[in-house]
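> This is the structure I have questions about; it appears just below.
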DNA sequence: ATTAATGATGTCACTTAATGACACTAGGAG
DNA sequence: CTCCTAGTGTCATTAAGTGACATCATTAAT
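Chains as they are written, first to last, in my numbering: chain A, 1 to 220; chain B, 221 to 440.
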């Protein structure tokens with residue numbers, strides 16, 4: 001089923017990621033990924049259109065996780081507060097945590113691996129649509145609203161840049177970050193590029209009252 | 221030399237673009253591009269690492285053109301005024317105009333052609349670095365300044381989105397735009413996502429005087 | 001329980017994108 | 001003129017990716 005095949009794809013993605021991290025993208029070939037994942041090479045090509053995009057499901061998790069936080073964001077809470085709550089869920093399962101490490105390592109390879117880079121960008125490009133839908137919903141605007149699209153693009157760009165920066169710093173410079181730091185930087189980045197006042201409590205579903213002056217809803 | 225080979229690459233890019241537009245990416249093969257460009261297939265693979273990236277030089281022109289405008293932007297002029305001046309240079313050479321048409325057609329294919337999409341995004345990703353350098357220079361900030369990078373990312377995202385939107389509207393819906401409209405939309409988009417006050421006159425090289433309150437430098 | 005139907009997977013042949021190795025040519029420096 | 005270098009073409013080879021078809025598993029119908 002869709003659920004079952006989704007899991008199968010993830011298995012392949014993890015296998016590919018391990019090999020990519022260990023030997024680089026160019027040096028790992030399709031057959032190896034298949035063997036590592038325990039399926040035939042033909043099936044790998046059925047799951048993914050090419051070698052690089054084998055890791056796409058992992059990259060997607062990066063932004064999908066963020067998008068999910070946006071979707072479940074109560075309308076009467078500010079961005080910082082909500083992000084803090086979400087990341088406070090450090091009760092992430094060991095699996096999720098293991099994936100997170102793999103993802104960070106992959107992202108750190110992006111600058112040197114052109115093929116990974118294209119998948120990385122493609123993934124976030126997909127995220128733009130998803131986020132636009134969420135923002136439109138939150139602000140009661142149309143999904144075709146250009147300002148909404150722009151906001152989604154800029155926000156995704158900010159999140160992607162944070163991911164790139166932090167992953168690189170973590171792997172290459174062995175720097176480590178507290179969740180508070182990450183949350184703070186992310187919130188600040190999103191606020192600074194968002195052209196729509198969606199970072200703070202928004203109406204009209206909030207007791208039917210809109211914040212006094214939506215445009216001023218920026219950080220102090 | 222570098223100049224000569226740059227021209228050769230452009231020749232291949234145009235050849236590839238013609239074929240991609242005519243028959244789609246999948247249906248055109250390496251040998252055809254080579255023949256169309258009048259060189260051997262081996263040389264095509266020396267110029268470009270894969271089929272899709274043959275058109276990269278054209279995509280790069282899209283943002284490089286914009287970046288060049290930013291670079292040559294006098295510090296005492298507002299964004300709208302400068303963009304208007306640049307586009308007023310409709311004295312673009314016939315070659316440039318022909319390229320522009322090809323580029324628009326290519327961009328319009330992006331949603332349907334995953335391979336083109338990845339090249340399109342890669343290209344703009346390169347542009348982020350270039351633009352960051354320009355913005356840093358303009359605002360007398362460091363190129364490593366995170367705010368600068370963020371500004372470049374958001375701005376490039378805005379320009380890319382405008383390009384995507386306009387190209388699609390032009391080709392798919394036969395819509396046409398006046399340069400004034402394009403300039404207005406682009407300026408508005410850039411302003412709305414830019415977290416740094418670089419859209420209006422900036423110091424300190426402007427007679428050694430900074431604008432009164434840089435943060436308020438937004439559109440009326 | 002058996003069978004028919006459907007969808008996913010494996011096997012193998014095949015196409016073509018991409019690389020390596022080497023020979024050839026053009027053009028500049030001595 | 002000769003040497004040297006950078007770029008190009010030719011040909012053989014590797015590996016990514018597809019097509020065709022057989023096989024297997026799951027479910028629904030009888």
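We put the beta carbon where it would ideally sit given N, CA and C, even for glycine. Just so it is clear, the structure is predicted and the values come from calculations on it, not from any experiment.
1) List the whole-angstrom C-beta distance separating residue 189/A from residue 370/B, where the pair is believed to meet the contact cut-off of C-beta under 8 Å.
2) Nearest CA to the CA of residue 160/A: which residue from 88/A, 69/A, 186/A?
3) Show which residues of chain B have a CB atom less than 8 Å away from the CB atom of residue 125/A.
4) Which residues in chain B sit within 7 Å of residue 150/A, going by Cβ to Cβ distance?
5) So, does the CB of residue 154/A fall closer than 9 Å to a CB anywhere in chain B?
6) Can you give, in chain order, each stretch of the alpha helix (DSSP H) that sits fully within the region 313-339 of chain B and has at least 4 residues?
7) Buried or exposed: which applies to residue 206/A, given that a residue is buried once 16 or more other Cβ atoms fall within 10 Å of its Cβ?
8) Can you tell me which of the three DSSP states residue 306/B falls into?
9) Compute the beta-carbon to beta-carbon distance between residue 342/B and residue 121/A, rounded to the nearest angstrom, for a pair I have assumed lies under 8 Å.
10) Would you mind reading off the limits of the alpha helix (DSSP H) that contains residue 42/A?
11) Mind checking whether residue 184/A and residue 374/B have CB atoms under 9 Å apart?
12) Pull up the distance between the alpha-carbon of residue 14/A and that of residue 34/A, whole angstroms please.
13) I'd like to know if the region 267-277 of chain B and the region 328-348 of chain B are in contact, where contact means that at least 3 CB-CB pairs between them fall below 8 Å.
14) Nearest-angstrom Cα distance between residue 192/A and residue 113/A?
15) Taking the CB atoms as reference points, tell me whether residue 387/B and residue 323/B lie closer together than 9 Å.
16) Reducing DSSP to helix, strand and coil, say where residue 30/A ends up.
17) Okay, do the region 282-299 of chain B and the region 349-369 of chain B touch, 3+ Cβ pairs below 8 Å being the bar?
18) Note down the Cα distance separating residue 319/B from residue 280/B, rounded to an integer number of angstroms.
19) List the endpoints of the continuous alpha helix (DSSP H) containing residue 373/B.
20) Using DSSP with H/G/I as helix, E/B as strand and the rest coil, what is residue 200/A?
21) Who are the Cβ neighbours of residue 79/A in its own chain at under 6 Å, not counting the five residues just before and after it?
22) Which residues bound the alpha helix (DSSP H) around residue 185/A?
23) Taking only three categories from DSSP, how would you classify residue 126/A?
24) So which of 416/B, 236/B, 311/B has the shortest CA-CA distance to residue 325/B?
25) Along the alpha helix (DSSP H) that carries residue 277/B, what are the first and last residues, could you check?
26) What number of angstroms, rounded off, separates the C-alpha of residue 201/A from the C-alpha of residue 282/B?
27) By how many angstroms is the C-alpha of residue 32/A removed from the C-alpha of residue 23/A?
28) Do residue 376/B and residue 157/A have their C-beta atoms within less than 9 Å of each other?
29) When the Cα atoms are used, what is the spatial distance from residue 107/A to residue 240/B?
30) Suppose contacts are defined by Cβ-Cβ distances below 9 Å. Is residue 146/A in contact with residue 399/B by that definition?
Let's see:
1) 6 Å
2) 186/A
3) 337, 341
4) 378, 381, 409, 412, 413
5) yes
6) 314-329
7) Bear in mind that a pLDDT of 47 at residue 206/A, under 50, signals an unreliable position, so the number given afterwards is only what the model happens to contain. Its Cβ having fewer than 16 others within 10 Å, residue 206/A is exposed.
8) helix
9) 6 Å
10) 41-47
11) no
12) 11 Å
13) yes
14) 30 Å
15) yes
16) helix
17) yes
18) 12 Å
19) 366-392
20) coil
21) 187, 199
22) 179-193
23) helix
24) 236/B
25) 276-291
26) 38 Å
27) 11 Å
28) yes
29) 31 Å
30) no
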